[in-house]
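What the sequence shown shows, in our numbering, is residues 78 to 850, in sequence order. The beta-carbon is built from N, C-alpha and C at its ideal position, and this holds for glycine as well. Bear in mind the structure is a predicted one, so any value in this text is a computation, not a measurement.
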Amino acid sequence: MPKRLLSVIVFLAIAILSFSFSQKVIIEDFKAYVEDYNKEEPSLPKVLKLIEDLDYLSVYRLYKLQMVGSIEKKESSTTIAGLLTRHIEAFDESEFRDIDDRIAYSAFLAWVLTDISGKPFEIHTLNEMPAYLEVFNTYSSRVREMAGEVYKEWIAFSLGLIETKPDLFPDELLVTDSFSPYSLEADAPYDSEKEILSLSNRSVIDALNSAISTISNKEYSISSLVDEEVNRLAVQTAMDLSQVGNAEIMSLGRELFRLWLLRSIGLIDNAPFYPESVEIRVKDIPGLEIGSIPEDSYFQDLMDVLEENQELRSQIVEKIQMGAQLLSIKQFTPTGLIESDIESEVRKIVPIQANIMGGIRNELSKSLVSSIDKRIDLWWLRVLAYALITILGFTVVPAMRKYVIGIIIILETLYIFFIGEITTGIFDLSLHSVVALPAFAFVFLLTVAAAFNRRKRSRILILKLLLLFLIALLPFMNLLNEQPELLMDSFEGFYDSVYYSTLKNDVFLAPESMISLQTRDLNSLVSSELNSFKRVLRVIIPNKMNSFSTAAKMSFSVDSNGRLRVAAPAFSEYMSIENQNTYVSELEGLTKDIEGFIRDSERNRKGYEAAISTLIATSERIVSFAGSRMREDFSNSLETELQSKPELEVALDDYHEKMAPLLNDAPSSVPVKVYRVPKFASLVVALLLLSITLFVVRKPVMSFINLAVITAYFLIVLSGIDTLNLFVQGGSPMLRISIDPSVNALFLTVFAGIIALSVLWILLSHKKGSVVE
Numbered sequence: 078m079p080k081r082l083l084s085v086i087v088f089l090a091i092a093i094l095s096f097s098f099s100q101k102v103i104i105e106d107f108k109a110y111v112e113d114y115n116k117e118e119p120s121l122p123k124v125l126k127l128i129e130d131l132d133y134l135s136v137y138r139l140y141k142l143q144m145v146g147s148i149e150k151k152e153s154s155t156t157i158a159g160l161l162t163r164h165i166e167a168f169d170e171s172e173f174r175d176i177d178d179r180i181a182y183s184a185f186l187a188w189v190l191t192d193i194s195g196k197p198f199e200i201h202t203l204n205e206m207p208a209y210l211e212v213f214n215t216y217s218s219r220v221r222e223m224a225g226e227v228y229k230e231w232i233a234f235s236l237g238l239i240e241t242k243p244d245l246f247p248d249e250l251l252v253t254d255s256f257s258p259y260s261l262e263a264d265a266p267y268d269s270e271k272e273i274l275s276l277s278n279r280s281v282i283d284a285l286n287s288a289i290s291t292i293s294n295k296e297y298s299i300s301s302l303v304d305e306e307v308n309r310l311a312v313q314t315a316m317d318l319s320q321v322g323n324a325e326i327m328s329l330g331r332e333l334f335r336l337w338l339l340r341s342i343g344l345i346d347n348a349p350f351y352p353e354s355v356e357i358r359v360k361d362i363p364g365l366e367i368g369s370i371p372e373d374s375y376f377q378d379l380m381d382v383l384e385e386n387q388e389l390r391s392q393i394v395e396k397i398q399m400g401a402q403l404l405s406i407k408q409f410t411p412t413g414l415i416e417s418d419i420e421s422e423v424r425k426i427v428p429i430q431a432n433i434m435g436g437i438r439n440e441l442s443k444s445l446v447s448s449i450d451k452r453i454d455l456w457w458l459r460v461l462a463y464a465l466i467t468i469l470g471f472t473v474v475p476a477m478r479k480y481v482i483g484i485i486i487i488l489e490t491l492y493i494f495f496i497g498e499i500t501t502g503i504f505d506l507s508l509h510s511v512v513a514l515p516a517f518a519f520v521f522l523l524t525v526a527a528a529f530n531r532r533k534r535s536r537i538l539i540l541k542l543l544l545l546f547l548i549a550l551l552p553f554m555n556l557l558n559e560q561p562e563l564l565m566d567s568f569e570g571f572y573d574s575v576y577y578s579t580l581k582n583d584v585f586l587a588p589e590s591m592i593s594l595q596t597r598d599l600n601s602l603v604s605s606e607l608n609s610f611k612r613v614l615r616v617i618i619p620n621k622m623n624s625f626s627t628a629a630k631m632s633f634s635v636d637s638n639g640r641l642r643v644a645a646p647a648f649s650e651y652m653s654i655e656n657q658n659t660y661v662s663e664l665e666g667l668t669k670d671i672e673g674f675i676r677d678s679e680r681n682r683k684g685y686e687a688a689i690s691t692l693i694a695t696s697e698r699i700v701s702f703a704g705s706r707m708r709e710d711f712s713n714s715l716e717t718e719l720q721s722k723p724e725l726e727v728a729l730d731d732y733h734e735k736m737a738p739l740l741n742d743a744p745s746s747v748p749v750k751v752y753r754v755p756k757f758a759s760l761v762v763a764l765l766l767l768s769i770t771l772f773v774v775r776k777p778v779m780s781f782i783n784l785a786v787i788t789a790y791f792l793i794v795l796s797g798i799d800t801l802n803l804f805v806q807g808g809s810p811m812l813r814i815s816i817d818p819s820v821n822a823l824f825l826t827v828f829a830g831i832i833a834l835s836v837l838w839i840l841l842s843h844k845k846g847s848v849v850e
C-alpha cells in the first residue's frame, strides 16, 4: 500500500474516531436526561430545575393570558421554544461538565418541547430549537477561531517559517520550506490542534495544500515595504507645511521629502537641496523603483518658503533626520506580507470547516433523534374500527343498524375519558374539531331555526334548545371557586425565576408590551394638545397682535403687576370704518384659527379620556391578578413613566384615583374554567357527542348508557380534583398543583341540569314517539 494512501487512511480514522467519541458522549448524556425526566422522581439537578421552571413557565403563561391576553405578533422570543432557551441561558457555565454536556442538554430541551406539544421528535424540530442552535453555534464559533490559529500554524510550518513541527501536524500536508530564512510567530494550543484535526476532512487538507502551493510560488519584494514606509514618513513631515503653504506647496513637500529620505539610506545618488546635516546610511534594497528625479528649479518655490521660515525648516530637517535613522535600523522582510497571505488563505479555508460543522450537526441531530424510541400511537386506528362497525351494521348484521351510531359514540366517549388526551393529542383534537364541534353546531342551528318557526315550536323544542344552550355554556363556566393555591404569591420561587422577568417584560416593560403601547398613545395625545395650545399662545395670537401693532400704530407693554397694556391712538387710518373689511378679515382669520384649535382640542380631550380609560382598564386587569411584588414593580414602572413629563401628571392623578382602592384589595387568583382542566374538557367533548346521541340515535337505551357513562366519569373525576392539572395554552406545559378544591355550585347546577334535561328529553321523545324503533 502506498505510504501516502496509508497516511490518509490513518488521518481519517483518527478524525472519525475522535468525533465519534464526542458524539457518543453527547448521545449518552442526552438519553440520561430523557430517562431521568421520565422517572417518577427525577434525580439529576438540571432536570429537577427544569421541572420547576416548567411550572413557572406555565404560571407565566397563565397570568400573561389573564392580564393582557395573547399578543404574540407584538412579542419576540416568547414561544415555548424561546422560553426553554431562556431556561438554559439562566444556567452558569460551570453547571455543565463541558460543551458535550451543554449540547446534550439543549437537545434534551428540544425533546421536552415535543413531549409537551405532543408532536414527534424529528430532525427538523431539533435543528429549529433555539437553545440547540445557540449552543451549537457557540461551539461552531469557537471551532472557527481555533481553526484559524491551527491552520495558520500548519501553513507556516509547511513554508519553513516555524522551526518546530506542530505536535499534530498532518503528514498529508506539503512541506516546501520556501521561506526558511524568515520566521513567524504562530503557536496553536495542543488541545486546539487535537480538536481541529478531529473535525477536518479531505477537503480541508486539499485546501491547505492548495494554499501552501500558492504562497510558495509567490515572490515577495521588500522594495514595496520600503517605498510604503518612505512615503508614510514623507507625508507625515509635509503636514508641517500646512501652516505656511497651500496644497501645491504641501504636494511639493511630499515629493522632495521622499527624495531626501531615499538619499538618507543611499538609494539615490543625489536629491535636490539635500540637507548636509542629515547623515547618509547606505542600505541595500534591491528592486526599488525610484523614477525620474526633478530638477532643483522644480522645488524652488518650496525652498523659498522654507528660507523665509527658518524655524519651520529646522523642524522639518529634524524630522527627516529621525526618519532617516528609523529607515536605517528597520529590518524590512517579507514576513508581514507572507503572514497576510497566510491569513487570507486561512479565511478561505475556515468556511469549509464551517460546512463540515453543519454536516456534523445534521449527523448529530440524526443520531440524537434515532437514539430515542418513537412514540407510536395506534389509537387513530379506532376510526377504521368505527368504519368496520358501520359497514357490518348496514350489511352483515342489519339488526345492529339502529345501534351503530350509538355504539360508536359510546366507544369514543370511553376512549376520550380513559385513554385519550384531548388537550394535547393532535389527532384527537383534529378529529373532534371536524366531527363533534360541527355536528353540535349543526344541531344547535337547526334547533334555533325551528324555534323561530311557529308551526314547529313546542315545549319539547324549548327543552331541546335549553339543553343545547347549557352544553354550549358549560366549557366557559368557572369549575372552581377562587383557589388560594393559584394566587401568584402562592408559587414560591416564581419571583426569582427567569419567567417572572419575562412576564414583566411582556406585560409592561417591553416597548411592544400593551402597557407601553397604551402609554405611548397617551403621551402622544397629551403632547399633541400641549404643542397645539402653545402654538396658539406663541404664534397665532402674537402674529395678529404684531399685525395690529404695525397697521394701527398700537403698542404693547407689561406693567409692574404683570398685566398686558395696549396703547392705541385715538384714531388712525387703519381704524377708519372705510377699512372695516380689512380689520374684520384679520379678526375672522384669528377666529378661524382659534376655532380650529378648539375642534382639535375637543378631539384630543375625548382621545385622552379614551386612552386613560383603556390604560386604567388594562392596569386594573394586571393589578387584580398580580402578586404583591409584581404590583409594586408594575406601579413603580408606570408611575416613573407618567412622572417623566410634567404634562403627564394629570394622567398619574387619574391613575392614582382609580387604582388606589384596587391596590388595597387582596389579589385574585386566576379563574379555573372548565375547558382548562383536561378531564373536564373531555367531559365537554362527551357532552357534545351526547347531543348527537340524543337527537340522532333512535334507541333510547343507547342514550341512557351514554348518560350513565358520562355521569359515572363525572363522579370519578370530581372526587380526584384535589390534584389539579391545568391546561394553560396549546403547546405550553401543563400546570400541576395540589389544591383544597371548592367546586363552583353554579357549575354543579348546570351539569345536573344537563343530565336532568337529557333524561327528560329521552323520556318525552320516546313517549311522544319521535324516537321510535
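Coarse secondary structure for residue i, derived from DSSP in three states
{"i": "Ser835", "result": "helix"}
{"i": "Val382", "result": "helix"}
{"i": "Asn294", "result": "coil"}
{"i": "Val520", "result": "helix"}
{"i": "Val321", "result": "coil"}
{"i": "Gly483", "result": "helix"}
{"i": "Lys360", "result": "coil"}
{"i": "Leu236", "result": "coil"}
{"i": "Gly797", "result": "coil"}
{"i": "Asn530", "result": "coil"}
{"i": "Gln720", "result": "coil"}
{"i": "Asp130", "result": "helix"}
{"i": "Pro475", "result": "helix"}
{"i": "Asp731", "result": "helix"}
{"i": "Leu261", "result": "coil"}
Contact set for residue i: own chain, Cβ-Cβ below 7 Å, skip 5 residues either direction
{"i": "Ser84", "result": "Confidence at Ser84 is low in this model, with a pLDDT of 46, below 50, so its placement is unreliable and no value can be given for it."}
{"i": "Arg81", "result": "Here Arg81 scores only 45 on pLDDT, less than 50, and its place in the model is too uncertain to base an answer on."}
{"i": "Asp710", "result": "Lys581"}
{"i": "Ala158", "result": "Leu190, Met206 and Pro207"}
{"i": "Ser714", "result": "Phe585 and Leu586"}
{"i": "Leu607", "result": "Glu724"}
{"i": "Lys151", "result": "Note that Lys151 has pLDDT 46, beneath the 50 cutoff, so the model's placement of it is unreliable and the number below is only indicative. These residues qualify, in order along the chain: Glu589."}
Per DSSP, the bridge partner or partners of residue i
{"i": "Ser632", "result": "Ala644"}
{"i": "Arg813", "result": "Asn802"}
{"i": "Asn555", "result": "Lys750"}
{"i": "Val820", "result": "Leu557"}
CB contact flag (residue i, residue j, <8 Å)
{"i": "Tyr133", "j": "Ser574", "result": "yes"}
{"i": "Ile699", "j": "Met144", "result": "yes"}
{"i": "Lys630", "j": "Ser649", "result": "yes"}
{"i": "Leu855", "j": "Ile104", "result": "No statement about residue 855 is possible, as the shown extent of the chain runs from 78 to 850 and does not include it."}
{"i": "Leu834", "j": "Leu543", "result": "yes"}
{"i": "Asn286", "j": "Leu251", "result": "yes"}
{"i": "Thr717", "j": "Gln595", "result": "no"}
{"i": "Leu803", "j": "Val749", "result": "yes"}
{"i": "Ile839", "j": "Thr788", "result": "no"}
{"i": "Ile426", "j": "Ala324", "result": "no"}
8 Å CB neighbourhood of residue i in its chain, flanking five on each side removed
{"i": "Ser173", "result": "According to the sequence displayed, residue 173 carries Phe and not Ser. Within the same chain, Phe173 has close Cβ partners Arg179 and Tyr182."}
{"i": "Val124", "result": "Tyr110, Asp113 and Tyr114"}
{"i": "Gly343", "result": "Ile357, Arg358, Val359 and Lys360"}
{"i": "Ile292", "result": "Ile232, Leu236, Ser255, Ile415, Asp418, Ile419 and Glu422"}
{"i": "Leu602", "result": "Asn681, Gly684, Tyr685 and Ala688"}
{"i": "Tyr752", "result": "Pro552, Phe553, Ala758, Val761 and Phe804"}
{"i": "Asn204", "result": "Leu210, Arg438, Asn439 and Ser442"}
Exposed unless 16 or more other CB atoms sit within 10 angstroms - verdict on residue i
{"i": "Phe350", "result": "exposed"}
{"i": "Ala694", "result": "exposed"}
{"i": "Pro243", "result": "buried"}
{"i": "Ala184", "result": "buried"}
{"i": "Val747", "result": "buried"}
{"i": "Gly435", "result": "exposed"}
Near the ligand SAH: residue i beta-carbon under 7 Å from a heavy atom
{"i": "Lys776", "result": "The model on display carries no ligand, and the ligand SAH is accordingly not part of it."}
Cβ neighbours of residue i in the same chain (closer than 6 Å, five flanking residues each side left out)
{"i": "Phe625", "result": "Met631"}
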